[in-house]
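J.: Here's a structure for you.
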Amino acid sequence: MHVGDDYELPEVNARASWYSVSGIPDVKIDGMYTVTGASSCTSAYSNYRTRYVTRMTNTGGVSPVEITNGYFAPVGDVGYVQATFELLDPVTLNNTEADFFVYQDNFGTYGNGVVAFGSAPITLTDVNDVATAVVEVNLPYGVDPSHLHGVVILQEHNAGRAIIQTGFLSQVQDFALTIPIRMKSVPLGDGEAIFSGTLENIGTVADNIDLSIDAIFDGWSADFQIEGDATWYTSTSVALDPAEEVEVTIRVQTDGEVREGFGTFAASSNNSGRMQPMSLRVINGSYSVLMVDDDGGYAIDYPTEQPFIQALELNGFFYDFWDVNGDHGNATPTFGDMNGYDVVIWQTAWVVLPLNSDDKAAIMAYLDNGGNLFLSSMDCLVGSTLEPFFEDYFGVSTFAVNSQASEMIGTPGDPIGNGLHYTLDWPFASLNRADTINPGPYAATVAANELGESNVLRNEIPGLGRTVFSSIMQLAMENESPIPNDSSIFILKVINWLVDAPITADVETDAVPSATRLFHTRPNPAVSQARLSFSLSNEAAKGPVSLALMDVSGRRVRTLIDGLRPVGMNQVVWDGRDDHGRSVTPGIYFAKLQSMDGEVKTKLVLIK
């Protein structure tokens, strides 16, 4: 493993920090004995062997765990590593993990450098317990697989760091199962999520590949179909000649409950015995959102991510939170991390030049593949020249940095900006560094400052995804202003506009419907509280909207909404109380939505 050179990896640096070593010459033997120095290979070998013999003497040279079925399968720019572990002796293992290393043998100056790393927890409690770990790792671009090798160690991740067992991984060339997007959403519920992939025999002889769906999405039905065969299966076997490839389609039928479900689609080679599982995720009743908090970790006193979190939670979105500095060791999401989300929100607060070339490449790849992104970044243009990233993907034609803004005024008729007017409240005056960003041919101004200078753009990439770029820090917008000038409403309108773009051909979206709809309450029956979802057409959003709960006699029990609401999906939670704050009795109630489109109702049952 290399630290501080061209071959270092974030995982390697983290591991070196865990060992409290630094620099290339520092080596830990079995996590316990340190060898320091950059002397000759002969001298280093002697030092390593001395420590190795000491460790073997201490342990008796016998491990309580056996490692079998160790495989390394390189498939393009990813590799699949796996191993099976069996506990043979009655010992107690604490916090054990399988740590997989892929190393390259032709670096030249530095031999056997680690190029990929992955890990998985392993639990072995009783004698004869067996556990299998399968991990996907990213491989360097263009690497020759013949120079790659895999090893695995079973290690206790505690203060002792004892290595329990090690093993080499046999490289196999058997099959390639590829499912590029492994997360789908069914925003309105009661629909299908479709996953598309390919299965190819990359070996030199014919093979039978067993396919199956396990852990079927927590109760949702799921099956799959093979190209050329109209039958839908939950398990089957496919015979493939060398270089033969077939398409695989997986479908998941959801219900009306707002939740997420997980399932595993697996392939296994009859020739090699290698099994490759792929975890699939379905978000039901909500768009899928990745919230990236990239504020440099400097905003402790001013939690710049909070307005976004509040908006996502108030509006009932399923979202994942990526704290760059707090949880990911300053690592930002890659294209693979973002791929599949309907929307990515990337906020950088007041950090100057927060996006590096890798960040920009990942964002562009995500957008090239139909993703939609909201970039909230006040200082990302400081010291920059106009480049394709901002010009083509975010619609910036010209810009001027730090032009400031005391007000944010929405563009009349704009699907996001219409009706918005914020008096901005900056945490302190020096943070008022909003930029002027003028729109290009596919972009439009969402909002401008009090001088009419464009501060927020929306851009539609022809044939691809949509973007919104705001140079006004979200924290400067009031969180509890009257509708529609509430920060959460602005974020909701941004998301609704973003997801109106086609995300994938096989997932229906209805972000700006032609008619107003009131969907089933979730859950139904509801215990104590219920979430109600509805969508508003452009016409309905022009006037007042009322959402009320009625009992079976038609008496109004609770008014949930009475005023303007944005176009597209809206959600509100009823806490099971009436207008006076009293808990209502269990029973049947009706939600009635009134707008300029008319009146729609749905029934819900409240139990306690």
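Every letter in the sequence shown is one number past the one before it in full-length UniProt numbering, and letter 318, counting from 1, is 318. Glycine included, C-beta positions come from ideal geometry on N, C-alpha and C.
Report, in whole angstroms, the separation of the C-beta atoms of V172 and R274, which I expect to be a contact under 8 Å.
T.: Sure, about 6 Å apart at Cβ, within 8 Å.
J.: Taking just the CA atoms, how far does V205 sit from G228?
T.: Their backbone Cα atoms lie some 22 Å apart in a straight line.
J.: Let me know the secondary structure DSSP gives T304 once reduced to three states.
T.: It is coil, neither helix nor strand.
J.: Assuming the contact rule is C-beta atoms closer than 8 Å, D435 and F399 should be a hit. Round their C-beta distance to whole Å, please.
T.: Between F399 and D435 the Cβ distance is about 6 Å, and since that is below 8 Å, they are a contact.
J.: For P74, which of A16, L148, A266 and N128 has the nearest alpha-carbon?
T.: When only C-alpha atoms are compared, the closest one is L148.
J.: If the criterion is Cβ atoms closer than 7 Å, does the pair V446 and G417 meet it?
T.: In contact: V446 and G417 (Cβ atoms closer than 7 Å).
J.: What residue does the alpha helix (DSSP H) around D562 start on, and which one ends it?
T.: Where D562 is concerned, there is no enclosing alpha helix (DSSP H), although the beta strand (DSSP E) it sits in stretches over R556 to G563.
J.: DSSP state of D506, grouped into three classes?
T.: Below a pLDDT of 50, predicted positions are generally treated as unreliable, and D506, at 31, falls in that range; no measurement from the model is reported.
J.: Leaving aside the five residues before and after F168 along the sequence, list all residues of the same chain whose C-beta is less than 6 Å from its C-beta, in chain order.
T.: The residues are V151.
J.: So who's on the other strand from V130, going by DSSP bridges?
T.: The partner list for V130 (beta bridge, DSSP) reads E86.
J.: How close, in whole Å, do the beta carbons of S606 and A548 come, if the pair is a contact with beta carbons under 8 Å?
T.: Here residue 606 is Leu; the residue named in the question, Ser, does not match the sequence. Going by Cβ atoms, the distance from L606 to A548 rounds to 15 Å, so no, they are not a contact pair.
J.: Tell me which same chain residues have a C-beta within less than 7 Å of the C-beta of D359, skipping the five on either side of it?
T.: Answer for D359: T332, listed in chain order.
J.: With a Cβ-Cβ cutoff of 7 Å, do N201 and D210 count as a contact?
T.: No; because the gap between Cβ atoms is not below 7 Å, this pair is not in contact.
J.: Just grab the DSSP bridge partners of I250 for me.
T.: For I250, which the question treats as bridged, DSSP gives the partners F195 and F224.
J.: Going by other Cβ atoms of all chains shown within 10 Å of its Cβ, with 16 needed for buried, is V507 buried or exposed?
T.: Only weak support is given to the placement of V507: the predicted model assigns it a pLDDT of 30, under 50, and the question is left unresolved by the model.
J.: With 16 as the cutoff for other CB atoms within 10 Å, does T234 come out buried or exposed?
T.: T234 is exposed by the Cβ-count criterion.
J.: Using three-state DSSP, classify V474 as helix, strand or coil.
T.: Position check: residue 474 holds Gln in this sequence, whereas Val was assumed. Helix, per DSSP.
J.: Measuring alpha carbon to alpha carbon, tell me which residue in S377, L375 and V401 is nearest T385.
T.: The shortest C-alpha separation from T385 is found at V401.
J.: State buried or exposed for P307, treating a residue as buried only when at least 16 other CB atoms are found within 10 Å of its CB.
T.: Answer is buried; the Cβ neighbour count reaches 16.
J.: Suppose you measure from the CA of I345 to the CA of T68; what does that come to, to the nearest Å?
T.: Cα to Cα, I345 sits roughly 43 Å from T68.
J.: Tell me A526's beta-bridge partners as DSSP assigns them.
T.: L606.
J.: Across the region 564 to 583 and the region 425 to 442, are there enough close Cβ pairs to call them in contact, namely three or more that are closer than 8 Å?
T.: Taking 8 Å as the limit for Cβ pairs, the verdict is that the region 425 to 442 does not touch the region 564 to 583.
J.: Taking three-plus beta-carbon pairs below 8 Å as touching, is the region 313 to 333 in contact with the region 371 to 380?
T.: Contact between the region 313 to 333 and the region 371 to 380 is absent, because fewer than three Cβ pairs lie under 8 Å.
J.: Locate the beta strand (DSSP E) running through N432, then write down its first and last residues.
T.: Where N432 is concerned, there is no enclosing beta strand (DSSP E), given that its DSSP letter is neither H nor E.
J.: Could you compute how far the alpha carbon of D223 sits from the alpha carbon of P412?
T.: Computed Cα separation, rounded: 48 Å.
J.: One question on the structure: do L124 and L93 come within less than 7 Å of each other, judged by their Cβ atoms?
T.: Yes, Cβ-Cβ distance for L124 and L93 is below 7 Å.
J.: Check whether the region 156 to 164 and the region 247 to 254 touch, using three or more Cβ-Cβ pairs below 8 Å as the test.
T.: Touching, no.
J.: Roughly how many angstroms separate the alpha carbons of G543 and D293, rounded to a whole number?
T.: Spanning the two alpha carbons is a distance of roughly 35 Å.
J.: Taking the alpha carbon of E478 as the reference point, which residue from S488, S470, F469 and G568 has its own alpha carbon closest?
T.: Checked all of S488, S470, F469 and G568; the closest Cα to E478 is S488.
J.: To the nearest angstrom, report how far apart N271 and A176 are at their CA atoms.
T.: Taking the straight line from one Cα to the other gives about 14 Å.
J.: In chain order, what residues of the same chain lie with their CB nearer than 8 Å to the CB of P513, ignoring the 5 residues before and after it?
T.: Confidence at P513 is low in this model, with a pLDDT of 48, below 50, so the placement of that residue should be treated as unreliable; the coordinate-derived value is given next. Result list for P513: S535, L536, S537 and G568, in chain order.
J.: Whose C-beta lies closer than 8 Å to the C-beta of D529 among residues of the same chain, with five residues either side of it excluded?
T.: Checking the sequence, you will find Gln at residue 529 rather than Asp. Closer than 8 Å at the Cβ level, and outside the excluded window around Q529, lie V573, W574, D575 and G576.
J.: Where do the N-terminal and C-terminal ends of the beta strand (DSSP E) with V494 fall, by residue?
T.: Not the beta strand (DSSP E): V494 falls in the alpha helix (DSSP H), residues S487 to L498.
J.: DSSP state of T68, grouped into three classes?
T.: Residue state, collapsed to three classes: strand.
J.: With a threshold of 16 other CB atoms inside 10 Å of the CB of W18, please say whether the residue is buried or exposed.
T.: By the neighbour-count rule (16 or more Cβ atoms within 10 Å), W18 is not buried but exposed.
J.: How far does the beta strand (DSSP E) with residue 640 in it reach, from first residue to last?
T.: In the structure displayed, the chain extends from 1 to 608; residue 640 sits before or after that span and is not available.
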